[in-house]
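Worksheet: one structure, shown below.
Written out as structure tokens, the structure reads:
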């Protein structure tokens, strides 16, 4: 079962920052937080991951609270193409064969 | 860029047919996965492989088999297709050097009549 809790849906205006929250209160010390997204009728796409420090790449920023019980994915300037379901996943770094457990995710709608 | 390709985007088959879904990745990844995705049920793991000729059952292997004869190719086989196997099928690959970072193909939407 998924070990994360996310809002079912969110809306964001085009050009504004989209802040997607995720609760993972039972996260253990060796588990990373991963974010994926799935645009309609496509396969999921990796976005970013982190352990305890904030992370940034060309797609997004990841802010993890100090107690690691929650995190926020930030899309700094959302575009219509960012409309997708966003999945927050916690997973240890042990073993490449360990499956990812996708929950229901947050459906983000970016409005013009 | 990692590329994961799947043989078909859309497929229509009849009940009882044998169905082959092919997946190819071009990044020399050790691990490959087959998922199915259904509304309200999310992604469910069918089978995965961590090396050539190696395979492990996922959560829902019944009615499916897999083949991994070459590192870059992972095939999903429906021995006798049934209507409850109508679904979106997603293949993914992953490197041992980056656990958790799976790269997915575009998916195959299979309709079994």
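Chains as they are written, first to last, in our numbering: chain A, 1339 to 1450; chain B, 2 to 114. Where is the CB? At the ideal position from N, CA and C, for every residue including glycine.
Excluding five sequence positions before and after residue 97 (chain B), the CB atoms of its chain that fall closer than 6 Å to its own CB belong to 31, given in chain order. Contact between residue 91 (chain B) and residue 38 (chain B) is confirmed by a C-beta separation of about 6 Å, below the 8 Å threshold. Checking the DSSP bridge columns, you'll see residue 1445 (chain A) partnered with A:1347 and A:1423.
Annotation: residue 15 (chain B) to residue 47 (chain B) spans about 21 Å, alpha carbon to alpha carbon. With respect to chain B, the C-beta atom of residue 1442 (chain A) has a partner C-beta closer than 9 Å. For the options B:93, B:111, B:13 and B:101, the alpha carbon positioned closest to that of residue 33 (chain B) is the one of B:93. The residues 5, 91, 92 and 93, in chain order, have a CB closer than 8 Å to that of residue 105 (chain B) in the same chain once the five nearest residues on each side in sequence are set aside. For residue 100 (chain B), the nearest CB of chain A lies under 9 Å from its own CB, placing it at the interface with that chain.
Of the residues assessed, residue 88 (chain B) falls on the buried side of the cut-off, its CB having 16 or more other CB atoms within 10 angstroms. Listed as beta-bridge partners of residue 14 (chain B) by DSSP are B:113. Counting only unbroken stretches of 3 or more residues, the beta strand (DSSP E) elements lying wholly within the region 16-97 of chain B are 20-26, 32-39, 43-50, 65-71, 74-79 and 88-95, in sequence order. A residue is called buried once 16 or more other Cβ atoms fall within 10 Å of its Cβ, and residue 1443 (chain A) is buried on that count. Within chain A, the residues 1380 and 1381 have their CB atoms less than 8 Å from the CB of residue 107 (chain B), given in chain order. Between the C-alpha atoms of residue 1384 (chain A) and residue 1397 (chain A) there is a straight-line separation of about 10 Å. Listed along chain B are 101, each with a C-beta nearer than 7 Å to that of residue 1429 (chain A).
Taking residue 11 (chain B) as the centre and dropping the five residues before and after it, the same chain places the C-beta of 110 closer than 7 Å to its C-beta, in chain order. Take residue 66 (chain B), set aside five residues on each side of it, and the residues of its chain with a beta-carbon closer than 7 Å to its own are 78 and 80, in chain order. Excluding its 5 nearest sequence neighbours in each direction, residue 1342 (chain A) has C-beta neighbours in its own chain below 7 Å: 1360, 1361, 1362, 1426, 1427, 1428 and 1441, listed in chain order.
Going by beta carbons, residue 1386 (chain A) and residue 1373 (chain A) fall inside the 9 Å limit. In chain order, 101 make up the part of chain B whose C-beta sits under 7 Å from the C-beta of residue 1372 (chain A).
Taking the beta carbon of residue 1389 (chain A) as reference, no residue of chain B falls within 7 Å; the closest one sits roughly 11 Å away.
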